[in-house]
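Trainee: Take this structure first; my questions come after.
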């Protein structure tokens, strides 16, 4: 098993116990349009309208129980013809990795143009101890589509605007759906106080992410955002405080958890 997948499956769940930094939404139907599947610490999001359904992110590699999870939200994954990845980290792109089970076998995969360098091995994902460079191990089937900042997609009656928000990774994207739902990926961490720049431990370029959030706030300032679907902070409808602490990185420790409502062990749900 490759290093980042090993860390994701075996190490992260153990060292995260008691830190209470992530609070994903449980698998379910959250509104007429929005549903999600929870995989431990992360959410996969689905948006439905007039018979069309689109997925955002794909979760972990070979995560168990997916057939039942799809049944719980009354969704056949064969129906999904498009999946938009916020980035290609192992916990967001593992579900469409060619080395495992593709949970969206009929879907066109869309990723940010700048994210391809991780897939090709041209960019490392993290540096540890100042000199150890760790590369992403996700591999996608050839034929994925590269998207540009500001591209607008119309899939059936659903409008999707792609917004480049570099920082967590160089090619990280958010998606604005029907001008009212933000798929935020891992640029923001949100708790009871509001939104923060995502945790430095997991973010490759923290200062870049903060600058990107400033731009994102400006782009959304004239939009009526009704809901935010996050990577690890669940489903949020209190959008007035979305960027309240965007210049400050979220932090966590056992003595001072980021989210008081987050589970002690995210694998228990």
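Residue numbers (this note's numbering): 41 to 309. Don't be surprised by glycine CBs; every beta carbon is placed ideally from N, CA and C. Keep in mind it's a predicted model, so treat the numbers as computed, not measured.
1. Along the beta strand (DSSP E) that carries residue 252, what are the first and last residues, could you check?
2. Compute the Euclidean distance between the alpha carbons of residue 137 and residue 179, then round it to the nearest angstrom.
3. Report buried or exposed for residue 192, applying the criterion of at least 16 other Cβ atoms within 10 angstroms of its Cβ.
4. Using the DSSP secondary-structure output, state which residues sit across from residue 270 in a beta bridge.
5. Reducing DSSP to helix, strand and coil, say where residue 212 ends up.
6. Taking all protein chains shown into account, decide if residue 64 is buried (16 or more other Cβ within 10 angstroms of its Cβ) or exposed.
7. Tell me which same chain residues have a C-beta within less than 6 Å of the C-beta of residue 78, skipping the five on either side of it?
8. What's the C-alpha gap between residue 140 and residue 134?
9. Just the C-alpha distance for residue 284 and residue 276, rounded to the nearest angstrom, thanks.
10. Around the Cβ of residue 249, are there at least 16 other Cβ atoms within 10 angstroms (buried) or fewer (exposed)?
11. Report, in whole angstroms, the separation of the C-beta atoms of residue 176 and residue 44, which I expect to be a contact under 8 Å.
12. Cα separation between residue 183 and residue 149?
13. Can you give me the C-alpha to C-alpha distance between residue 243 and residue 194, rounded to a whole angstrom?
14. Looking at residue 121 and residue 147, is the spacing between their C-beta atoms short of 9 Å?
15. Which residues bound the alpha helix (DSSP H) around residue 55?
16. Kindly provide the ranges of any beta strand (DSSP E) runs that are 3 or more residues long and lie completely inside the segment 77 to 165, ordered along the chain.
Mentor: The structure says:
1. Residue 252 sits at position 212 when you count from the first residue of the chain shown. Residue 252 -> not in any beta strand (DSSP E); alpha helix (DSSP H) instead, spanning 246 to 260.
2. As a working mapping, residue 137 is identified with position 97 in the chain shown. As a working mapping, residue 179 is identified with position 139 in the chain shown. Rounded to whole angstroms, residue 137 to residue 179 spans 5 Å at the Cα level.
3. Counting from one through the chain shown, the residue named residue 192 turns up at place 152. Residue environment analysis places residue 192 among the exposed positions, since fewer than 16 neighbouring C-beta atoms fall within 10 angstroms of its C-beta.
4. Along the chain shown, one-based indexing puts residue 270 at 230. Residue pairing by DSSP places residue 270 opposite 225 in a beta bridge.
5. The sequence position of residue 212 within the chain shown is 172, counting from 1. If DSSP states are grouped into helix, strand and coil, residue 212 belongs with coil.
6. Numbered from 1 along the chain shown, position 24 holds the residue referred to as residue 64. Buried, by the Cβ-count rule.
7. Position 38 of the chain shown, counted from the first residue, corresponds to residue 78. Cβ neighbours of residue 78 beyond the five flanking positions: 64, 66, 67.
8. Position 100 of the chain shown, counting from 1, holds the residue named residue 140. Position 94 of the chain shown, counting from 1, holds the residue named residue 134. Approximately 8 Å between the Cα atoms of the pair.
9. For the purposes of this step, residue 284 is taken as residue 244 along the chain shown, with counting starting at 1. For the purposes of this step, residue 276 is taken as residue 236 along the chain shown, with counting starting at 1. For residue 284 and residue 276, the distance between alpha carbons rounds to 14 Å.
10. Residue mapping note: residue 249 aligns to position 209 of the chain shown, counting from 1. When all chains shown are included, residue 249 counts as buried.
11. Residue mapping note: residue 176 aligns to position 136 of the chain shown, counting from 1. Residue mapping note: residue 44 aligns to position 4 of the chain shown, counting from 1. Between residue 44 and residue 176 the Cβ distance is about 7 Å, and since that is below 8 Å, they are a contact.
12. Within the chain shown, numbered from 1, the residue matching residue 183 stands at position 143. Within the chain shown, numbered from 1, the residue matching residue 149 stands at position 109. Roughly 8 Å separates the two Cα atoms.
13. Counting from 1 along the chain shown, the entry for residue 243 is found at position 203. Counting from 1 along the chain shown, the entry for residue 194 is found at position 154. Going from the Cα of residue 243 to the Cα of residue 194 covers about 31 Å.
14. In the chain shown, the residue the question calls residue 147 occupies position 107. In the chain shown, the residue the question calls residue 121 occupies position 81. Yes, they are a contact pair.
15. Counting from 1 along the chain shown, the entry for residue 55 is found at position 15. Run containing residue 55: 52 to 55, per the alpha helix (DSSP H) assignment.
16. 82 to 89, 92 to 96, 122 to 124, 148 to 152
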